[in-house]
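If you read the protein sequences in the order shown, they are chains A and B. The first sequence begins at -14 in this note's numbering and counts up by one. The second sequence begins at -14 in this note's numbering and counts up by one. We put the CB at the ideal spot given by N, CA and C, even for glycine. Just below is one structure, and these are the notes that go with it.
Number of protein chains: 2
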Amino acid sequence: MSIDNHGQGKKINMKVTINDVAELSGVSMKTVSRVINNEASVRQATRDKVMAAVKELNYQPNLAARSLAGTKSYTIAYIYDNPNAYYVIDMQNGILSECKKQNFELVIHPCNSKADDIIEEITSMIKHSRVAGVVLTPPFSEMPSVTERLTDIGVKFVRIISGHKVPDEISPCIMVNDFDAAVEITQHLIDLGHKDIGFISGGKEHKSTFERIEGYKSTLVKNNITVQEDLIIDGEYSFESGVSGADKLLQRQNRPTAIFSCNDEIAAGALFASRLQHVAIPKELSIVGFENSPFSRQTWPKITTADQPNQTIAQNATALLINEIRGQKTDEICEQFTPKLLVRDSTAKH
Amino acid sequence: MSIDNHGQGKKINMKVTINDVAELSGVSMKTVSRVINNEASVRQATRDKVMAAVKELNYQPNLAARSLAGTKSYTIAYIYDNPNAYYVIDMQNGILSECKKQNFELVIHPCNSKADDIIEEITSMIKHSRVAGVVLTPPFSEMPSVTERLTDIGVKFVRIISGHKVPDEISPCIMVNDFDAAVEITQHLIDLGHKDIGFISGGKEHKSTFERIEGYKSTLVKNNITVQEDLIIDGEYSFESGVSGADKLLQRQNRPTAIFSCNDEIAAGALFASRLQHVAIPKELSIVGFENSPFSRQTWPKITTADQPNQTIAQNATALLINEIRGQKTDEICEQFTPKLLVRDSTAKH
DNA sequence: AAGTTAAATGACAGCGCTGTCAATTTTGTT
DNA sequence: AACAAAATTGACAGCGCTGTCATTTAACTT
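This is the structure in structure tokens:
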């Protein structure tokens, strides 16, 4: 700053430093620093004064300087290996919006979770970029080799996992309550009069698959409907899997009247296979998906699904992670999200 | 460094600074800095000495310090606003791999290209993150307001655009030759015996739409087939658009025997609509897409398309951009990619 | 061989911020 | 009201690197 504007009264687009803010608000640089970083031990009145100056000058901290000077790091990483691009983008956008709010930087690191040296690769990336914390989604969030290494090198992390009870205390986590969501979906189908409900599962390497199956089964039981194991088809989280799974179910003499697909891609595949066999949706067969990904909207009819708010999940996960990095104690280090039934056009009364 | 390793002979995982390298190689820090940054005016012998020391110590420059001290920036940004998550992820991965190779950092910035203050938002992000250059994809690469602002504030950029001739000299660019690719696709259909070829277009805000239409039309003409304007349906780059476009085409008395869809989502929609109307693919109707996105593989039958190697495109674009930032003169600042026909199962002889 | 010019190298300050620790103010206690 | 303890704030050094500019060394010239 410190450049005169020739009385124009408008701010010149100049570099604003922490020092400018300190002078304007009449405190020391260090105090401004404290306010910026949300540290305790700053009187509310002081905080307000500083914030006002920050706003007036439109001050934005220099990330490089902060990172150089501090022992702390203000960088987090998002490690991903997921063929589902929609999921990754949603996550990324959610993480990014929290980072922006909290003045953190994000390093994104695409990689192959099945590579031999994945642990070393992650470690090296963390050292190089001075990463303070990592957002972990499946499959990484469910790999002990990853979480153990992160613990060893003292890097915080937050896990987004499928489940409905806190798994342990090693890190904050967000649980996606696939069980309850599956219960709601199954109950929806039962309420529509369906009794023979097929199930096409996701891959066995995903915990979500099991949670969703259990939700489905327990709801049948609760409604006094016998679980027919041969109505449960092993699958993968893919379109092709939906096609072949639905084919199997539709070839039976006693066709199910509804299909619970473990995600929207499977559901889209099931929808496709049904069309091929001239089975009218939803008249002759109801189909539900899971996730509310664009897949569920890019079909006709649009697919009834469970809305999983990935972007919000990612944002909250990031908030938990940053809290942890800052060493701020919070009551809850785990949060739970339950995807909500979203009724669209692929389900109907039987 | 400077921590004794108790004679183990192994390197401890310690912070190695430029000073360590300087001492080991017997030159000044500044000279090491010159070598690291590939500056001229360093004798080859000196350069070798330094490089040896760098290697021995496994030195990696501290990005924050470099950015703080220098006037130069080693950060580039990828600005995106694209509903097609697959495209974004491919781009991002390509950009990232070149960044890693060249020791640059990447800032990703999702935003809304139609927001009122988008220009100011981008400007502010660039200042804040000290961005040296930007990778621009459609629609940003085709927005003069964006390229002009970037020029004004002296930030380099590279554009990825649809076209087959160099548009201007304002920046390096990668052209995706949609015209020639559309020619190849259309010729493929003609070679299969098709004469009545429908066309479902993408959005009018995309230059690619026009390039693809022109390639289609000119190939018909070259083969002495009359262009029927009413076979060309205005659409958007979406599944729904494919459904409704195909519906229109299939309602005609003289149905086309093939449909050229402006991208794979449209093609998937057209495929779906055809199924609904019991039109067998590819027996009664051939359908082609464009882009080779996962959409084209998640259908049955799999869709014939044009393979657009987005990740490679992104990587080359990034290389051009970094060259430009480094001020290195290269003969060619523009490159061209022509998507290649990829014959799958949705096209057949008529 | 001495003088001139160009190339290569180094000394040092300082980028904008935070950690440390000391100084100051506020709060609580008797 | 006087003192102790706790909460708040500030002074200053220095993070690891690069820009500037002075200095040294090599490469030509005549």
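What residues from chain B crowd round residue i, counting only those whose CB sits closer than 8 angstroms?
| i | result |
| --- | --- |
| residue 73/A | 70, 74 |
| residue 329/A | Residues of chain B passing the Cβ test: none, with the nearest at roughly 14 angstroms. |
| residue 261/A | 260, 285 |
| residue 89/A | Neighbours of residue 89/A on chain B: none; closest Cβ ~12 angstroms, over 8 angstroms. |
Please confirm whether any heavy atom of the ligand COA lies closer than 6 angstroms to the CB of residue i.
| i | result |
| --- | --- |
| residue 44/B | What this structure holds is no ligand at all, so the ligand COA is not there to describe. |
Tell me, to the nearest whole angstrom, how far the beta carbon of residue i is from that of residue j; I am working on the premise that it is less than 8 angstroms.
| i | j | result |
| --- | --- | --- |
| residue 247/B | residue 288/B | That belief does not hold up - the Cβ atoms of residue 247/B and residue 288/B are roughly 13 angstroms apart, past 8 angstroms. |
| residue 303/B | residue 120/B | 6 angstroms |
| residue 305/B | residue 157/B | 4 angstroms |
| residue 172/B | residue 211/B | Not quite, the Cβ-Cβ distance comes to about 16 angstroms (not below 8 angstroms), so this is no contact. |
| residue 187/B | residue 193/B | 6 angstroms |
| residue 26/B | residue 3/B | No, residue 26/B and residue 3/B are not in contact; Cβ-Cβ is about 18 angstroms, not under 8 angstroms. |
| residue 301/B | residue 159/B | 6 angstroms |
| residue 183/B | residue 256/B | About 13 angstroms; that fails the 8 angstroms criterion. |
| residue 44/A | residue 12/A | At roughly 13 angstroms, the Cβ-Cβ gap does not stay under 8 angstroms, so residue 44/A and residue 12/A are not in contact. |
| residue 95/A | residue 81/B | 7 angstroms |
Which residues in chain B have a C-beta closer than 7 angstroms to the C-beta of residue i? List them in chain order.
| i | result |
| --- | --- |
| residue 248/A | Result: empty, since nearest Cβ-Cβ is about 13 angstroms, beyond 7 angstroms. |
| residue 52/A | 49 |
| residue 322/A | The contacting residues do not exist; residue 322/A stays about 21 angstroms from chain B at best. |
I want to verify the contact list: residues of chain A whose CB lies under 8 angstroms from the CB of residue i, in sequence order.
| i | result |
| --- | --- |
| residue 311/B | Those do not exist, as residue 311/B stays about 19 angstroms from chain A at its closest Cβ, beyond 8 angstroms. |
| residue 283/B | 223, 224, 225, 250, 253, 254 |
| residue 326/B | What residue 326/B touches in chain A: nothing, since even the nearest Cβ is about 23 angstroms away. |
| residue 78/B | 95 |
| residue 164/B | Correct list: empty, because the minimum Cβ distance to chain A is about 27 angstroms. |
Kindly list, in the order they appear in chain A, the residues whose Cβ is closer than 9 angstroms to that of residue i.
| i | result |
| --- | --- |
| residue 97/B | Near residue 97/B there are no residues of chain A at all, since even the closest Cβ is about 12 angstroms away, more than 9 angstroms. |
| residue 184/B | Within chain A, no residue comes near residue 184/B; the closest Cβ sits about 21 angstroms away, beyond 9 angstroms. |
Under 9 angstroms between beta-carbons, which chain B residues line up against residue i? List them in chain order, please.
| i | result |
| --- | --- |
| residue 113/A | 45, 48 |
| residue 81/A | 93, 94, 95 |
Buried or exposed: which applies to residue i, given that a residue is buried once 16 or more other Cβ atoms fall within 10 Å of its Cβ?
| i | result |
| --- | --- |
| residue 34/A | buried |
| residue 68/A | exposed |
| residue 29/A | exposed |
| residue 5/A | buried |
| residue 101/B | exposed |
| residue 167/B | buried |
| residue 239/B | exposed |
| residue 317/B | exposed |
| residue 221/B | buried |
| residue 54/B | exposed |
| residue 139/B | exposed |
Residue i to residue j, Cα distance in whole Å?
| i | j | result |
| --- | --- | --- |
| residue 107/A | residue 125/A | 11 angstroms |
| residue 264/B | residue 261/A | 11 angstroms |
| residue 216/B | residue 148/B | 24 angstroms |
| residue 104/A | residue 237/B | 59 angstroms |
| residue 24/A | residue 127/B | 44 angstroms |
| residue 280/B | residue 51/A | 44 angstroms |
| residue 177/A | residue 57/A | 56 angstroms |
| residue 297/B | residue 267/A | 43 angstroms |
| residue 71/B | residue 10/B | 47 angstroms |
| residue 141/B | residue 117/B | 6 angstroms |
| residue 88/A | residue 276/B | 37 angstroms |
| residue 196/A | residue 93/A | 29 angstroms |
| residue 299/B | residue 308/B | 14 angstroms |
| residue 86/B | residue 213/A | 54 angstroms |
| residue 74/B | residue 65/A | 11 angstroms |
| residue 230/A | residue 164/B | 40 angstroms |
| residue 129/A | residue 153/A | 12 angstroms |
| residue 113/B | residue 134/B | 16 angstroms |
| residue 226/A | residue 21/B | 51 angstroms |
| residue 131/B | residue 111/B | 12 angstroms |
| residue 244/A | residue 273/A | 6 angstroms |
| residue 97/B | residue 61/B | 19 angstroms |
Residue i versus chain A: which residues are under 7 angstroms apart at the beta carbon?
| i | result |
| --- | --- |
| residue 42/B | Within chain A, no residue comes near residue 42/B; the closest Cβ sits about 14 angstroms away, beyond 7 angstroms. |
| residue 275/B | Neighbours of residue 275/B on chain A: none; closest Cβ ~17 angstroms, over 7 angstroms. |
Contact residues within the segment 213 to 238 of chain A, judged by C-beta distance below 9 angstroms to chain B: 223, 224, 225, 228
Residues from the segment 3 to 30 of chain B in contact with chain A, defined by Cβ distance under 7 angstroms: none
Within 7 angstroms of chain A by C-beta, residues of the segment 124 to 157 of chain B in sequence order: Against chain A - using a Cβ distance shorter than 7 angstroms - the segment 124 to 157 of chain B contributes no residues.
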